[in-house]
């Protein structure tokens with residue numbers, strides 16, 4: 100956590116303030132934040148947000164935090180606590196907002212394992228497949244709340260703070276609002292942030308399923324495409340392998356199955372390799388860690404579609420999620436029910 104805070108306070112940017120938001124004064128992050136800002140020589144605020152009653156705690160925190168921004172602030176930049184931005188992250192994000200047609204500038208995350216485990220590497224590969232959805236097509240891009248910048252005048256004109264009320268997902272909501280306003284969402288590769296940590300198999304399943312449950316509520320068409328795509332991939336690949344194993348005759352069916360497996364494997368491994376190299380350009384300080392991810396990235400892609408399929412089925416059957424000790428039910432994109440409250 101301290102490394103993430105230091106990264107925020109050490110940005111290569113002439114004038115900015117940092118507002119840290121917790122939901123209780125006894126949060127273990129409070130002491131770390133206070134120790135860090137004493138050394139930073141930068142304007143820092145620590146805000147205690149009220150416990151949520153009608154939205155996710157993250158949304159409640161953001162709605163409270165923006166109220167404490169200096170009146171002279173021209174841009175709001177949102178970043179998650181587990182993000183570790185590079186030194187020029189803030190400069191890169193804000194530079195993209197110079198175009199008045201741009202509503203939001205966004206980055207994304209890349210997971211690095213603190214301790215290399217199958218579950219941690221699988222989480223990184225699963226998440227990496229989503230990075231590929233961001234690119235030069237501004238109309239199909241989406242906001243990722245862990246690395247997002249928006250001009251203050253746009254934020255206030257679109258009444259985003261009020262329209263966040265009752266929602267679970269800050270970034271899906273912002274994406275919809277910005278799209279409705281006809282503004283562009285620009286992906287900034289230099290705003291890719293590292294997220295360093297490890298997870299267990301249970302935490303992997305909880306994280307990936309939560310993402311797809313949120314997607315089903317806020318972007319049902321995307322969830323449908325994910326369900327169909329992951330199901331087709333899994334069926335085709337399993338069928339091809341079964342044909343090769345169970346068909347004793349070396350006929351055209353076996354040849355087609357072999358070709359299918361070879362083509363999909365080659366293209367998928369190539370895509371993973373290209374993506375890994377692209378991330379290396381955006382995060383050169385993590386080149387050693389990225390090199391260690393080479394084998395997982397070019398092999399575990401085969402397991403991501405089945406995992407996506409499991410996630411989509413789970414999202415089909417329930418809208419309840421658990422996030423940092425609090426359980427919620429997403430009634431609709433604008434209505435969230437807090438089931439149990441816990442530490443965030």
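Numbering (our numbering), first residue to last: 100 to 443.
Glycine residues also receive a C-beta, built at the ideal position from the N, C-alpha and C atoms.
At a Cβ-Cβ threshold of 8 Å, residue 202 and residue 249 count as neighbours.
Between residue 233 and residue 381, the CB-CB gap reaches or exceeds 8 Å. Within the same chain, 312 come within 8 Å of residue 417 by CB-CB distance, once the 5 residues on both sides are set aside. Counting along the chain, the unbroken alpha helix (DSSP H) around residue 270 starts and ends at 269 to 279. DSSP, reduced to helix, strand and coil, places residue 115 outside both helices and strands of the structure shown, so it counts as coil. Burial check for residue 150: the Cβ neighbour count within 10 Å stays below 16, so the residue is exposed. In the structure shown, residue 208 falls within a strand segment according to DSSP collapsed to helix, strand and coil. For the 8 Å CB-CB criterion, residue 131 and residue 213 do not form a contact. Contact between residue 276 and residue 304 fails: their C-beta atoms lie close to 31 Å from each other, not under 8 Å. Here residue 120 is bridged, per DSSP, to 146. If one requires a minimum length of 4 residues, the alpha helix (DSSP H) runs lying completely within the region 348 to 396 are 351 to 381, 386 to 391, in chain order. In this chain, the beta strand (DSSP E) harbouring residue 422 covers 419 to 422.
Counting C-beta pairs closer than 8 Å gives fewer than three between the region 173 to 186 and the region 352 to 363, which falls short of the contact rule.
With at least 16 other beta carbons inside 10 angstroms of its own, residue 219 counts as buried.
In the structure shown, residue 238 adopts coil according to DSSP, grouped into three states. Taking 8 Å as the cut-off, the Cβ atoms of residue 242 and residue 283 do not count as close.
Residues of the same chain with a CB within less than 6 Å of the CB of residue 419, apart from the 5 flanking positions on each side, are 428 in chain order.
Within the same chain, 425, 426 come within 7 Å of residue 439 by CB-CB distance, once the 5 residues on both sides are set aside.
With respect to the C-alpha of residue 109, the residue from 317, 169, 185, 166 having the closest C-alpha is 185. About 6 Å separates the CB atoms of residue 435 and residue 153; that is less than 8 Å, so the two are in contact. Taking C-beta separations shorter than 7 Å and ignoring five residues to either side along the sequence, the partners of residue 280 in its chain run 202, 257, following chain order.
For residue 408, no pairing in a beta bridge is given by DSSP.
Contact between the region 380 to 398 and the region 310 to 327 is not established, with fewer than three Cβ pairs separated by less than 8 Å. In the displayed model, residue 413 falls within a helix according to three-state DSSP. Below 8 Å, too few C-beta pairs join the region 365 to 377 and the region 329 to 349 to call them touching: fewer than three. The Cβ-Cβ distance between residue 142 and residue 170 does not fall below 8 Å. Taking a contact as a CB-CB distance under 8 Å, the pair residue 228 and residue 210 does not count as one, their CB atoms being some 12 Å apart. Selection 176, 236, 207 evaluated against residue 253 yields 176 as nearest (Cα-Cα).
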